[in-house]
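Top line first, the protein sequences correspond to chains A and D. Residue numbering for the first sequence follows the working numbering, beginning at 1 and increasing consecutively. Residue numbering for the second sequence follows the working numbering, beginning at 395 and increasing consecutively. Here a beta-carbon is modelled for each residue, glycine too, at the ideal position from N, C-alpha and C.
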Amino acid sequence: MSRLSVSGLWKGYAGTAVLQGVELEVPAGSLTAVLGLSGCGKTTLLRVIAGFERAERGTVSLGERTLEDGRTYLAPERRSIGYVPQEGALFPHLSVRENVGFGLSRRERRGERVDALLEMVGIAPLAKRLPHELSGGEQQRVALARALARRPQALLLDEPFSSLDASLRSRVREEVHALLREQGVTTVLVTHDQEEALSLADIVAVLRDGRIVQQGAPAELYEQPADERLARFLGAVNVIDAQFEHGAARTALGTLTLRGASAGASAESDAGARTGADTGAGVVMVRPEQLDVQVCEDGAPASAAGVRGRVEQCRYYGHDALLHIRPEQPDGPAQPDGPARPGNAARPAGPAQPGDAAQPRDAELLLARVHGEQALPIGTRVAVAARGPVTALR
Amino acid sequence: MSTLAPSPPSTPSQPSARLAARWTRAWSGRRRWPLVGIAGATIAAALVLLPLAYLVVEAQRSGWGEVQRLLLRHSVAVLLWNTVRLALACTALCAVLGVAAAWCVERTTLPGRRLWAVALVLPLGVPDFVVGFGWVSIDPALHGYLAAVMIMTLALYPLVYLPVASALANLDAGLEEAARSLGLGPWQTFWRVTLRQIRPAVLGGCLLVTLALLAEYGAFEIVQYRTFTVEIYTEYKLGFDAVGACVLSLVLVALSVAALAGELTLTGRGRSGRPAGPGARRPAPRVALGRLSAPALAGLAALSGLALGVPVGSLAYWMARGSSSTLPSASILAAAGHTALYSAAAAALATALAVPVSALAIRHRNRATVLIERLAYLPMALPGVVIALGLVSFTVRYAFALYQSALELIVAYAVLFLPLAVVGVRSAMGQSSSRLEEVGRSLGARPSAVWRRVTLPLIAPGLGAAFALVFISSATELTATLLLHPTGVNTLATQFWAYTSELSYGAAAPYAALMVAISAVPAYLLSRRMSTLAHTERGA
Chain A
1 MSRLSVSGLW KGYAGTAVLQ GVELEVPAGS LTAVLGLSGC GKTTLLRVIA
51 GFERAERGTV SLGERTLEDG RTYLAPERRS IGYVPQEGAL FPHLSVRENV
101 GFGLSRRERR GERVDALLEM VGIAPLAKRL PHELSGGEQQ RVALARALAR
151 RPQALLLDEP FSSLDASLRS RVREEVHALL REQGVTTVLV THDQEEALSL
201 ADIVAVLRDG RIVQQGAPAE LYEQPADERL ARFLGAVNVI DAQFEHGAAR
251 TALGTLTLRG ASAGASAESD AGARTGADTG AGVVMVRPEQ LDVQVCEDGA
301 PASAAGVRGR VEQCRYYGHD ALLHIRPEQP DGPAQPDGPA RPGNAARPAG
351 PAQPGDAAQP RDAELLLARV HGEQALPIGT RVAVAARGPV TALR
Chain D
395 MSTLAPSPPS TPSQPSARLA ARWTRAWSGR RRWPLVGIAG ATIAAALVLL
445 PLAYLVVEAQ RSGWGEVQRL LLRHSVAVLL WNTVRLALAC TALCAVLGVA
495 AAWCVERTTL PGRRLWAVAL VLPLGVPDFV VGFGWVSIDP ALHGYLAAVM
545 IMTLALYPLV YLPVASALAN LDAGLEEAAR SLGLGPWQTF WRVTLRQIRP
595 AVLGGCLLVT LALLAEYGAF EIVQYRTFTV EIYTEYKLGF DAVGACVLSL
645 VLVALSVAAL AGELTLTGRG RSGRPAGPGA RRPAPRVALG RLSAPALAGL
695 AALSGLALGV PVGSLAYWMA RGSSSTLPSA SILAAAGHTA LYSAAAAALA
745 TALAVPVSAL AIRHRNRATV LIERLAYLPM ALPGVVIALG LVSFTVRYAF
795 ALYQSALELI VAYAVLFLPL AVVGVRSAMG QSSSRLEEVG RSLGARPSAV
845 WRRVTLPLIA PGLGAAFALV FISSATELTA TLLLHPTGVN TLATQFWAYT
895 SELSYGAAAP YAALMVAISA VPAYLLSRRM STLAHTERGA
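In structure tokens, the structure reads:
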């Protein structure tokens with residue numbers, strides 16, 4: 001079990017720089033997910049770490065060993081890094097057993113090691129089958145057993161679950177996760193599926209335009225993304241104008257505490273996030289599940305804080321539902337002050353009126369996640385308020 | 395696939411040094427390729443270029459004025475007219491017959507379709523000169539243009555039938571259904587959608603037909619029809635006019651290249667992309683012909699009867715009639731032995747050359763490797779007589795010891811059929827993805843071990859197919875064999891030819907029968923494999 005670290009890695013093809021100074025630290029025994037859109041260089045990064053491609057600049061090291069820097073370059077077979085490519089890439093001419101034993105010496109191949117591996121991933125009864133006789137999930141497990149056979153110091157998984165269909169995917173994912181946890185092998189998993197990255201990994205590193213833009217625990221990334229683009233990439237989000245004062249953000253949805261206001265932001269989030277020390281105007285990020293939605297009876301008075309609006313769309317997912325809420329402009333003459341003027345900040349704190357302190361952006365639509373049974377018909381009038389803490393965005 | 399070096403600190407001052415640096419970078423990019431591979435591919439390219447180069451050298455030996463005089467002879471115009479009108483008529487007939495037969499077998503509910511599928515391909519296993527022999531031996535009056543057109547059409551239509559049948563079998567029903575739903579009738583759908591889809595297959599088949607026509611010698615000699623190839627052979631072998639033969643050969647090469655270019659431009663314009671989007675293909679539904687069934691069946695029966703029945707029947711007839719005096723003696727065994735030996739050696743050499751060529755072109759694609767791969771396909775456009783002449787001119791001048799040696803014949807076969815080997819090996823290389831080789835490396839196997847344990851087992855079937863294709867083609871090759879076979883050594887083809895020239899049909903027949911037997915088995919297997927391929931693709 002070793003720590004894998006990558007620093008200042010550059011790599012390009014045909015004049016296009018794909019990796020532009022990647023910095024990645026994978027603590028020993030952790031499962032780190034590299035998350036990025038397709039074409040962002042995820043696979044290239046894995047291939048450089050595995051030694052299939054040479055980097056132009058930068059270093060890769062595993063534990064005490066330098067795998068690659070300006071002078072040294074260790075061939076893939078000498079790196080002790082297991083690699084599970086997309087779709088498994090089992091040797092089609094070899095049986096399951098022969099596939100798993102490929103990396104072992106002749107004697108080991110006949111011994112108990114292969115049986116133990118087959119047992120471990122739960123495919124012992126299939127040992128004599130050929131790869132094309134296996135289901136996608138089974139192939140994936142064989143590929144994993146094959147990569148673990150040589151007890152590698154690190155394991156690389158390239159979108160290992162993307163070729164499986166949805167129902168199978170979550171099951172295989174759980175099994176693989178449990179297995180890796182048990183083996184305690186340092187693992188880098190590459191994926192474009194943010195849900196997969198957040199739910200599976202100890203650490204998530206987001207790769208964008210050939211650079212790691214943020215690296216941290218899943219909750220940290222989700223709650224305190226480095227910038228707005230990243231916030232949107234990791235899930236639906238409401239970006240709302242705010243006034244900052246004394247560690248709180250005053251918004252149309254209420255006055256909300258700011259994350260990191262008291263303890264101070266972590267090193268990573270320092271780059272993008274604002275802390276409570278700031279004052280002035282800006283924006284905050286409110287996740288849809290941080291919104292409370294209440295049905296307003298017609299003619300009933302507005303609730304203490306929040307925005308009134310109408311449900312414009314309801315996306316129902318079963319376990320929950322995502323409401324698109326169009327905020328209502330107050331009846332009567334328009335407010336003399338436009339929304340989100342700095343001058344508004346001087347008003348005494350109190351019940352915020354719609355259109356008063358600040359309007360939500362995003363074409364004025366608010367996204368709210370509610371429980372499945374609370375899905376509301378289109379047109380329902382609602383009052384929306386936010387729960388803190390929220391994160392300020394740059 | 396050169397690596398993008400972050401601008402070297404100092405640029406080498408000499409251009410040659412810079413070039414060398416670029417060259418090494420190009421080769422050392424991702425994976426360094428063993429020198430053996432590069433050497434093999436280079437040898438393959440050199441062997442292909444050698445005959446062509448010496449053709450040019452030989453042709454202009456007496457000066458360009460002489461070349462001009464030889465080219466502007468009246469007889470050249472006659473040859474050109476003979477060759478072109480034959481090529482046009484035969485290719486058009488093959489296209490019509492091939493497409494019609496393929497449609498009947500793949501898209502209608504005619505009875506006995508699997509049987510037809512085999513019967514229609516089998517004529518491919520009968521060498522063209524044996525087809526000619528079959529017809530002329532039962533009707534000695536057959537000769538001239540029309541005889542040549544008929545015989546070559548019957549011999550070559552499977553070259554269109556095979557690709558078109560597989561294209562039709564893999565056609566997606568969705569396209570035709572969409573056309574029908576957009577208001578097109580069945581005929582309009584066929585013209586505007588179906589034919590459009592199979593166009594590359596039709597054109598590819600037509601190109602093969604044209605190239606085979608340009609290269610054919612034996613069949614035309616039998617029906618006494620003079621094309622370029624016949625004239626080249628005659629001038630060289632009988633007139634001892636090497637320069638004249640070489641000049642005519644260059645014209646022949648130009649014609650082949652023109653056919654190739656024609657096919658390229660036509661296919662390029664009608665590029666049929668794969669239907670976008672995922673979703674399983676459904677096989678297109680078959681048409682019930684109803685009252686037209688009987689004429690269609692009669693047509694298929696006539697076609698396979700004339701193409702397969704007549705040559706095979708006449709061979710059987712001559713063999714049955716053969717008296718004890720013409721019965722094959724030990725000489726047929728010796729001839730068969732020589733044929734097998736030369737063909738096997740050529741097949742091994744061609745396959746061995748094809749491996750580095752396709753491996754480099756697939757795994758290490760850069761300008762040099764792509765050029766080498768294209769060169770390996772060049773012999774498609776080089777008739778056997780051209781390659782043989784080029785090799786002869788080279789050996790006579792620079793390596794007389796090799797002149798009319800077994801080695802020279804083997805090299806000629808290997809060069810001539812290198813494209814077949816490359817096609818076979820290349821498709822097999824595609825089976826073994828570089829991803830698998832990388833996984834092998836990450837599992838601790840060194841490159842040589844990966845080659846032995848992963849790549850080689852995966853491409854072995856392709857190597858086998860390539861070997862078999864070259865073996866069959868060499869065993870039934872006539873033109874180059876006649877020019878190059880070692881003096882005093884006879885193969886099946888040369889012995890057959892010797893007897894046929896003496897009109898000893900009964901003596902010739904067993905030799906032809908043996909050649910047909912050698913090539914019919916793989917032709918049958920090929921058609922079976924095509925149909926299973928089509929079916930598995932449909933099932934998937």
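Checklist entry - Considering only residues of the same chain and omitting the five flanking positions on each side of Gly834 (chain D), which have a CB-CB separation below 8 Å? => result Ala843, Val844, Arg847, Val848
Checklist entry - Tell me which same chain residues have a C-beta within less than 6 Å of the C-beta of Leu550 (chain D), skipping the five on either side of it? => result Cys488, Val603, Ala606
Checklist entry - Less than 8 Å separating the beta-carbons of Ala395 (chain A) and Val172 (chain A)? => result Residue 395 (chain A) is absent from the structure shown; chain A starts at 1 and stops at 394.
Checklist entry - In chain D, which residues lie less than 9 Å from Ile325 (chain A) when you measure between Cβ atoms? => result By Cβ distance, chain D contributes nothing, its closest Cβ being about 35 Å from Ile325 (chain A), past 9 Å.
Checklist entry - Using the beta-carbon of each residue, which ones in chain A are nearer than 7 Å to Arg840 (chain D)? => result Glu77
Checklist entry - Can you tell me whether DSSP reads Ala357 (chain A) as helix, strand or coil? => result Caution applies to Ala357 (chain A), whose pLDDT of 39 falls short of 50 and renders its modelled position unreliable; the model cannot decide the point.
Item to check | Strand pairing of Gln294 (chain A), partner residues [DSSP] | outcome: A:Ala383
Checklist entry - Does the separation of the CB atoms of Val617 (chain D) and His537 (chain D) fall below 8 Å? => result yes
Item to check | Glu571 (chain D), enclosing alpha helix (DSSP H) - first and last residue | outcome: 567–575
Next on the checklist: With H, G and I counted as helix, E and B as strand and the rest as coil, what does DSSP make of Glu452 (chain D)?
Outcome noted: helix
Checklist entry - How would you list, in chain order, the residues of chain D whose beta-carbon sits under 8 Å from the beta-carbon of Phe102 (chain A)? => result Gly834, Leu837, Ala839, Arg847
Checklist entry - In this structure, does DSSP put Lys42 (chain A) in helix, strand or coil? => result helix
Checklist entry - Given a threshold of 16 other Cβ atoms within 10 Å of its Cβ, counted over all protein chains shown, does Leu180 (chain A) qualify as buried or as exposed? => result buried
Checklist entry - If you run the structure through DSSP and keep just helix, strand and coil, what is Val681 (chain D)? => result strand
Next on the checklist: Give me the chain A residues within the contact set of Leu852 (chain D), using Cβ-Cβ distance strictly less than 9 Å, ordered along the chain.
Outcome noted: Phe91, Pro92, His93
Checklist entry - With 8 Å set as the bound, which would you pick, yes or no: does the beta-carbon of Arg71 (chain A) sit closer than that to a beta-carbon of chain D? => result no
Item to check | Residues bridged to Val188 (chain A) (per DSSP) | outcome: A:Thr32, A:Leu156
Item to check | Glu220 (chain A) versus Val237 (chain A) - alpha carbon distance | outcome: 15 Å
Checklist entry - How would you write the range of the beta strand (DSSP E) that Gln374 (chain A) sits in, first residue to last? => result Where Gln374 (chain A) is concerned, there is no enclosing beta strand (DSSP E), given that its DSSP letter is neither H nor E.
Checklist entry - Considering only C-alpha positions, which residue in the set A:Ala178, A:Gly136, A:Asp193, A:Ala149 is nearest to Asp165 (chain A)? => result A:Gly136
Item to check | Closer than 9 Å at the beta carbon, the chain D residues around Pro225 (chain A) | outcome: Those do not exist, as Pro225 (chain A) stays about 31 Å from chain D at its closest Cβ, beyond 9 Å.
Item to check | Selection from A:Leu230, A:Val48, A:Gln224 that minimises the alpha carbon distance to Val397 (chain A) | outcome: Lying outside 1 to 394, the shown extent of chain A, residue 397 (chain A) is not represented and no answer is given.
Next on the checklist: My output table needs one value for Glu68 (chain A): the three-state DSSP class, helix, strand or coil.
Outcome noted: strand
Item to check | Leu776 (chain D): contacting residues in chain A (beta-carbon distance under 9 Å) | outcome: Neighbours of Leu776 (chain D) on chain A: none; closest Cβ ~34 Å, over 9 Å.
Next on the checklist: Give me the chain D residues within the contact set of Gly82 (chain A), using Cβ-Cβ distance strictly less than 7 Å, ordered along the chain.
Outcome noted: Ser836
Next on the checklist: Beta-carbon within less than 8 Å of Tyr797 (chain D)'s beta-carbon, same chain only, minus the 5 sequence neighbours each way: which residues are those?
Outcome noted: Val786, Thr789, Val790
Checklist entry - Shorter than 8 Å from the beta carbon of Leu857 (chain D) to some beta carbon of chain A? => result no
Item to check | Interface residues of the stretch 146–162 of chain A facing chain D [CB-CB below 9 Å] | outcome: Arg146, Ala147, Ala149, Arg150, Pro152, Leu156
Checklist entry - How is Met120 (chain A) classed by DSSP in three states: helix, strand or coil? => result helix
Checklist entry - Using the beta-carbon of each residue, which ones in chain D are nearer than 8 Å to Pro85 (chain A)? => result Arg829, Glu832, Val833
Checklist entry - Is Thr186 (chain A) buried or exposed, if buried means 16 or more other CB atoms sit within 10 Å of its CB? => result buried
Next on the checklist: Buried or exposed, going by whether 16 or more other CB atoms sit within 10 Å of the CB of Trp510 (chain D)?
Outcome noted: buried
Checklist entry - Could you give the distance in angstroms between the alpha-carbon of Leu256 (chain A) and the alpha-carbon of Gly388 (chain A)? => result 5 Å
Checklist entry - Applying a beta-carbon distance threshold of less than 9 Å, which residues of chain D neighbour Ala116 (chain A)? => result Here the premise fails: no neighbours, minimum Cβ distance about 17 Å.
Next on the checklist: For the alpha helix (DSSP H) containing His732 (chain D), name the first residue and the last one.
Outcome noted: 724–757
Checklist entry - So which residues of chain D does Ala450 (chain A) contact, with C-beta pairs closer than 9 Å? => result For chain A, the structure presents residues 1 to 394; residue 450 (chain A) sits outside this window and is missing.
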